[in-house]
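One structure below.
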Amino acid sequence: MDKAIEYFSVFGGVKISVDIDIPIDEQIETKIFNKYKYLRNDISDISMGEPLDHKILSALALGDRRTNSAFKKVGISFDDGIDIIDKQCSRGMLRLEKSRYQLANQQFDETISEKLHFTTPFAHFWFAFVSPVFKGIKNGEFDEAFKIYHNYKNQFQEVVFNQLSHEILKKSYSNTENRIINIGRYWDKDHNIDLIATTKNNKIILGTTKFSNNKMKKSELTKLKDIAKTLGIDVDIFVLFSRKGFSNELKSLKGDNLKLFTPKNFNK
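If you use numbering that gives the first Met the number 0, the sequence shown corresponds to residues 0 to 267, in order.
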């Protein structure tokens with residue numbers, strides 16, 4: 000399942016058959032880089048193929064996904080940039096996300112940028128690792144693209160793992176009185192919460208997701224509790240998602256108020 004998540008982070012949302020028993024770099028080269036000319040046309044049909052649009056999409060794909068950060072990196076005004084964002088959202092390339100202030104009992108802050116998600120992992124991969132170096136890929140030179148991919152791989156997969164974690168949590172609570180009715184993320188100038196949700200019977204769920212090569216330690220739970228205390232969030236259930244599992248100390252705390260999830264849970 001761990002490997003399936005890794006491959007989904009690249010090929011999710013596109014009709015390309017892959018074999019997870021074959022190294023992912025080999026699959027990327029044969030299924031994407033070598034098919035660049037054909038895939039480029041499909042992508043351009045959605046994005047309309049404007050160079051400035053693609054620059055903003057790449058800035059989002061390799062950045063923190065905040066609108067202001069992407070516009071600054073590209074060197075475009077907010078008004079011009081947001082017009083492009085609106086177009087890409089309407090064409091189904093992007094999905095706009097706002098910080099869940101209400102769930103965190105915080106007041107709306109207009110200075111905090113919205114974030115954007117690519118509607119498919121494949122589109123995210125394309126604009127992170129293909130579009131910025133398309134000239135080399137077009138000429139059959141893949142070294143630069145693979146270098147960028149390996150430098151940003153963990154950060155890139157973390158985004159997809161977080162999105163999948165939201166879906167798994169909704170499924171896990173779908174048939175109970177605690178079924179989730181609102182879920183999202185919270186961020187402000189000082190804090191970031193990977194997952195915040197409310198249930199039908201008004202319970203608050205707070206979570207952290209980590210797609211790293213190390214087991215999650217108790218310090219992650221402590222940090223999450225500290226953020227909740229600072230923001231004044233009365234949490235009923237903490238949920239932790241970890242690629243490589245949890246320390247024995249953390250596992251000993253598992254119970255009604257602390258749920259632990261690993262890739263095994265993603266079989267759902």
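Every residue, glycine too, gets a C-beta built ideally from N, C-alpha and C.
Unbroken beta strand (DSSP E) run spanning residue i, endpoints
{"i": "I19", "result": "Element bounds for I19: n/a, residue is neither H nor E."}
{"i": "V238", "result": "236-241"}
Residue i versus residue j - alpha carbon distance
{"i": "F70", "j": "L38", "result": "26 Å"}
{"i": "Y172", "j": "I182", "result": "12 Å"}
{"i": "D82", "j": "M47", "result": "14 Å"}
{"i": "I4", "j": "D108", "result": "34 Å"}
{"i": "K243", "j": "L220", "result": "16 Å"}
{"i": "S251", "j": "F117", "result": "37 Å"}
{"i": "S211", "j": "N138", "result": "34 Å"}
{"i": "I180", "j": "Q26", "result": "38 Å"}
{"i": "K258", "j": "L249", "result": "10 Å"}
{"i": "I232", "j": "E28", "result": "46 Å"}
{"i": "T175", "j": "I195", "result": "18 Å"}
{"i": "G62", "j": "F155", "result": "10 Å"}
{"i": "I203", "j": "I192", "result": "13 Å"}
{"i": "K253", "j": "I226", "result": "20 Å"}
{"i": "D189", "j": "E157", "result": "20 Å"}
{"i": "F124", "j": "K14", "result": "15 Å"}
{"i": "Q87", "j": "A60", "result": "13 Å"}
{"i": "H165", "j": "R184", "result": "10 Å"}
{"i": "L102", "j": "Y151", "result": "31 Å"}
{"i": "S246", "j": "I21", "result": "31 Å"}
{"i": "H53", "j": "Q105", "result": "35 Å"}
Beta-carbon contacts of residue i that lie in its chain and below 7 Å, excluding the five residues immediately before and after
{"i": "N264", "result": "I167"}
{"i": "Y6", "result": "V17, I19, I23"}
{"i": "F128", "result": "A144, I147, Y148"}
{"i": "V238", "result": "L168, L194, I204, G206, K258, F260"}
{"i": "N213", "result": "K243"}
For residue i: DSSP bridge partner residues
{"i": "K114", "result": "R65, E96"}
{"i": "W186", "result": "N191"}
{"i": "G254", "result": "L257"}
{"i": "I179", "result": "T198"}
Exposure of residue i, with buried meaning 16 or more beta-carbon neighbours within 10 Å
{"i": "H268", "result": "Nothing about residue 268 can be reported from this structure: the residues present for the chain run from 0 to 267 only."}
{"i": "P50", "result": "exposed"}
{"i": "G74", "result": "exposed"}
{"i": "R94", "result": "exposed"}
{"i": "K209", "result": "buried"}
{"i": "S241", "result": "buried"}
{"i": "K114", "result": "buried"}
{"i": "R178", "result": "exposed"}
{"i": "K34", "result": "exposed"}
{"i": "M0", "result": "exposed"}
{"i": "T110", "result": "exposed"}
{"i": "K267", "result": "exposed"}
{"i": "T229", "result": "exposed"}
Contacting residues, own chain, Cβ-Cβ under 6 Å from residue i (five flanking each side not counted)
{"i": "K72", "result": "A58"}
{"i": "N161", "result": "D193, T208"}
{"i": "V159", "result": "S8, P120"}
Residues near residue i by beta carbon distance below 8 Å, same chain, minus five either side
{"i": "F77", "result": "T66, N67, F70"}
{"i": "D255", "result": "I236"}
{"i": "F141", "result": "E28, F32, G135"}
{"i": "G12", "result": "T118, T119, P120, F121, A122"}
{"i": "M92", "result": "I45, S46, L56, F117, T118, A122"}
Start and end residues, alpha helix (DSSP H) containing residue i
{"i": "G270", "result": "Absent from the model: residue 270. The displayed extent of the chain is 0 to 267, so no value can be given."}
{"i": "K222", "result": "217-230"}
{"i": "I75", "result": "Premise fails: I75 is in no alpha helix (DSSP H) and is neither H nor E."}
{"i": "R246", "result": "Just to set this straight, residue 246 is Ser in the shown sequence, not Arg. From DSSP, S246 is part of no alpha helix (DSSP H); its letter is neither H nor E."}
{"i": "I136", "result": "133-137"}
{"i": "V129", "result": "Segment: none, V129 is in no alpha helix (DSSP H) and carries neither H nor E."}
{"i": "K36", "result": "35-46"}
{"i": "Q106", "result": "Unbroken run through Q106: none, as it is neither H nor E."}
{"i": "N174", "result": "Premise fails: N174 is in no alpha helix (DSSP H) and is neither H nor E."}
{"i": "I31", "result": "Where I31 is concerned, there is no enclosing alpha helix (DSSP H), given that its DSSP letter is neither H nor E."}
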